[in-house]
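J.:
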């Protein structure tokens, strides 16, 4: 086995070790380095468990008679283009190397620390159906540098970063979401017309966004705001008529006609970090990172404490599902959603989620251990995102309060509504001897020391209104859709 550098042999902090003991796991036997840092004596096999020895523990809510059973799967590839960076524009907006570990990206091609709604909307995507959403998670590595499938060379995103920084200095057009205002049951006979008009909403809005940069501030009301409001109002009127023609009560879409312009001088779009995802909790101090914008990263995508061969998933499955108790409504555009907690070892397990399993053993899922799979089975991460939205906000101070998990019976709390639940499943071809020797791990913040409890995932919805409506219709009608 190749000798792993000392800075990467730190595996489990005292806090995480104590958590493992509470959870019934074995504590790490560690030694102290000359500077007092706790070092594990090689790979920590106590973090690995044979999945066949684990009892089934996945409990699914019982489906009610009006459950929505459809699924909508988006094909966005498996990061064949090598889009990696150690940023997180949701939890650490504007902070280069804010994550201190590499993220694997699919979907939106521009995603980095400086991403905004405007830059995400303008970017390309790896998704075959044109979905521009950002899907990203920490990479998995094998610490023997000669093992596994190496990821392709990383792409140079400096040009994109420069472009996004320039975009931040420009005024941005902000328009109300429309798809999330539609009722759960769109009449079948009206669906095609609603789809066409949602596409028109996207077109009118995008045209206005492109024109905005060339218009003087004093002319914006006459050239951008007024005409855009009139065009959107006409489209919304046609949408409401489509409901009336089918004998249905039309939703009041009129409030979604008017857009507004946000100047860069008014501050960045979005919210500052707070609570679990604050600067202190997530990134060990933003000021230090702003002074050192370039992370210690080399051509092999190595970051301090996170080295080894990156394992590209053999399968990336992005599937949106329904609710066991009723219909779902559309997610608003630019909704931010977090899964898990990258700082669970420091923050405690409140927001940690059980993620680790093996193919064929999905009824057994691990939270603080990596699985050792039997022959013929593969290591798998399953990330089920929260799916109860407050109906108003696309983000919140801690990036969690605006969208939460349903209760054990699958119901959303009062004031929240069910939206399609995103499940990201990642399957890896990790050799069995590597599993048995405890040599694969997830990237993490240095102080989290590759604790499997810290597995996490991030999603920002940048679907067009038309795609989102198609998704909701598929899920609510019980169909299986793949795009």
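Residue numbers (UniProt numbering): 1 to 483. Quick reminder that beta carbons are idealized off the backbone N, C-alpha and C, glycines included.
How long is the line joining the alpha carbons of residue 126 and residue 109, rounded to whole angstroms?
T.: If you number the chain shown from 1, residue 126 lands on position 126. If you number the chain shown from 1, residue 109 lands on position 109. Using only the alpha carbons, I get a separation of about 7 Å.
J.: Whole angstroms are fine: how far does the CA of residue 466 sit from the CA of residue 241?
T.: On the chain shown, position 241 is the one that residue 241 refers to. On the chain shown, position 466 is the one that residue 466 refers to. So the alpha carbons of these two residues sit roughly 18 Å apart.
J.: So, are the CB atoms of residue 142 and residue 439 less than 7 Å apart?
T.: Within the chain shown, the letter at position 142 stands for residue 142. Within the chain shown, the letter at position 439 stands for residue 439. Yes, the pair counts as a contact, with Cβ atoms nearer than the cut-off.
J.: Three or more beta-carbon pairs under 8 Å between the region 443-450 and the region 317-336, yes or no?
T.: No: fewer than three Cβ pairs fall under 8 Å.
J.: Which of the three DSSP states, helix, strand or coil, is assigned to residue 243?
T.: Locating residue 243 in the chain shown gives position 243, counting from the first residue. Reduced to three states, the DSSP call for residue 243 is helix.
J.: Take residue 418 as the anchor and find which of 205, 390, 123 has the nearest alpha-carbon.
T.: Taking the first residue of the chain shown as position 1, residue 418 is located at position 418. Comparing Cα-Cα distances from residue 418 to each of 205, 390, 123, the minimum goes to 390.
J.: Rounded to the nearest angstrom, what separates residue 102 and residue 307 at their Cα positions?
T.: The count along the chain shown starts at 1 and reaches residue 102 at position 102. The count along the chain shown starts at 1 and reaches residue 307 at position 307. Their backbone Cα atoms lie some 10 Å apart in a straight line.
J.: For the candidate residues 396, 386, 99, whose alpha-carbon lies nearest to that of residue 410?
T.: Taking the chain shown and counting its residues from 1, the one referred to as residue 410 is at position 410. Of the candidates 396, 386, 99, the one whose C-alpha sits nearest the C-alpha of residue 410 is 386.
J.: Starting from residue 311 and walking both ways along the beta strand (DSSP E), at which residues does that stretch end?
T.: Within the chain shown, the letter at position 311 stands for residue 311. Where residue 311 is concerned, the enclosing beta strand (DSSP E) stretches over 309-311.
J.: Using DSSP with H/G/I as helix, E/B as strand and the rest coil, what is residue 221?
T.: Residue numbering aside, residue 221 sits at position 221 when the chain shown is read from its first letter. Residue 221 falls in the helix class under three-state DSSP.
J.: Do residue 316 and residue 426 count as a contact pair if the criterion is CB distance below 7 Å?
T.: Here residue 426 is taken as the residue at index 426 of the chain shown, counted from 1. Here residue 316 is taken as the residue at index 316 of the chain shown, counted from 1. Contact flag set, yes.
J.: What does residue 417 pair with, by DSSP beta-bridge criteria?
T.: In the chain shown, residue 417 corresponds to position 417, counting from 1. Per DSSP, 389.
J.: Apart from the five residues on each side of it in sequence, which residues of its chain come closer than 8 Å, Cβ to Cβ, to residue 365?
T.: Your numbering for residue 365 matches position 365 in the chain shown. Closer than 8 Å at Cβ, skipping near neighbours: 57, 58, 354, 355, 356, 357, 382.
J.: Within its chain, find whatever has a CB closer than 6 Å to the CB of residue 49; leave out the 5 residues flanking it on each side and keep chain order.
T.: Walking along the chain shown from the start, residue 49 turns up at place 49. Result list for residue 49: 369, in chain order.
J.: Can you give the Cα-Cα distance for residue 124 and residue 226, rounded to whole angstroms?
T.: Along the chain shown, one-based indexing puts residue 124 at 124. Along the chain shown, one-based indexing puts residue 226 at 226. Rounded to the nearest angstrom, the two C-alpha atoms are 29 Å apart.
J.: Can you give the Cα-Cα distance for residue 41 and residue 423, rounded to whole angstroms?
T.: Here residue 41 corresponds to residue number 41 of the chain shown, with the count starting at 1. Here residue 423 corresponds to residue number 423 of the chain shown, with the count starting at 1. Reliability of the predicted coordinates at residue 41 is poor, the pLDDT of 37 falling under 50, and the value obtained from them is presented with this limitation in mind. Computed Cα separation, rounded: 36 Å.
J.: According to DSSP, is residue 350 helix, strand or coil?
T.: For this step, residue 350 is matched to residue 350 along the chain shown. Residue state, collapsed to three classes: helix.
J.: Would a C-beta distance cut-off of 7 Å place residue 113 and residue 89 closer than the cut-off?
T.: Here residue 113 corresponds to residue number 113 of the chain shown, with the count starting at 1. Here residue 89 corresponds to residue number 89 of the chain shown, with the count starting at 1. Taking 7 Å as the Cβ cut-off, residue 113 and residue 89 qualify as a contacting pair.
J.: Measuring CA to CA, which of 213, 78, 453, 68 is closest to residue 420?
T.: Translated into the one-based positions of the chain shown, residue 420 becomes position 420. Checking every option, the nearest Cα to that of residue 420 belongs to 68.
J.: Quick test of the definition: if touching needs 3 or more C-beta pairs under 8 Å, does the region 241-252 touch the region 216-226?
T.: No, the region 241-252 is not in contact with the region 216-226.
J.: Once the 5 residues before and after residue 405 are set aside, which same chain residues still bring their CB inside 8 Å of it?
T.: To locate residue 405, count along the chain shown from 1; it is residue 405. Within the same chain, residue 405 has close Cβ partners 386, 387, 388.
J.: Give the DSSP bridge partners of residue 374, in chain order.
T.: Within the chain shown, the letter at position 374 stands for residue 374. Paired residue(s): none; residue 374 is not in a bridge.
J.: Could you check how far apart the C-beta atoms of residue 372 and residue 311 are, in whole angstroms? I think they sit under 8 Å.
T.: For this step, residue 372 is matched to residue 372 along the chain shown. For this step, residue 311 is matched to residue 311 along the chain shown. Their Cβ separation, rounded to whole angstroms, is 16 Å, which puts residue 372 and residue 311 out of contact at 8 Å.
J.: Secondary structure at residue 506, three-state DSSP: helix, strand or coil?
T.: Since the first residue of the chain shown is 1 and the last is 483, residue 506 is not available in this structure.
J.: Who pairs with residue 136 in a beta bridge, going by DSSP?
T.: Looking up residue 136 in the chain shown gives position 136. Partner(s): 105, 458.
J.: Do the CB positions of residue 199 and residue 228 come within less than 7 Å of each other?
T.: Residue mapping note: residue 199 aligns to position 199 of the chain shown, counting from 1. Residue mapping note: residue 228 aligns to position 228 of the chain shown, counting from 1. Not a contact, by the Cβ cut-off of 7 Å.
J.: Helix or strand or just coil, what does DSSP make of residue 483?
T.: Taking the chain shown and counting its residues from 1, the one referred to as residue 483 is at position 483. Three-state result, residue 483: coil.
J.: By the 10 Å Cβ neighbour count, where 16 or more other Cβ atoms means buried, how is residue 230 classified, buried or exposed?
T.: To locate residue 230, count along the chain shown from 1; it is residue 230. Exposed, since its Cβ has fewer than 16 Cβ neighbours within 10 Å.
J.: Could you spell out the range, first to last residue, of the beta strand (DSSP E) harbouring residue 194?
T.: Within the chain shown, the letter at position 194 stands for residue 194. Where residue 194 is concerned, there is no enclosing beta strand (DSSP E), although the alpha helix (DSSP H) it sits in stretches over 188-212.
J.: Near residue 130, what residues of its chain come up, given a Cβ to Cβ distance below 8 Å and the 5 sequence neighbours on each side ignored?
T.: Position 130 of the chain shown, counting from 1, holds the residue named residue 130. Excluding positions up to five away in sequence, the list reads 464, 467.
J.: With DSSP as the reference, please indicate the residues paired to residue 125 in a beta bridge.
T.: Your numbering for residue 125 matches position 125 in the chain shown. Paired residue(s): 108.
J.: Taking all protein chains shown into account, decide if residue 147 is buried (16 or more other Cβ within 10 angstroms of its Cβ) or exposed.
T.: For the purposes of this step, residue 147 is taken as the residue at position 147 of the chain shown. For residue 147, the pLDDT reaches just 47, beneath the cut-off of 50, and the residue's location in the model is therefore unreliable, although a value from the coordinates is still provided. The residue in question, residue 147, is buried, as its Cβ has 16 or more Cβ neighbours within 10 Å.
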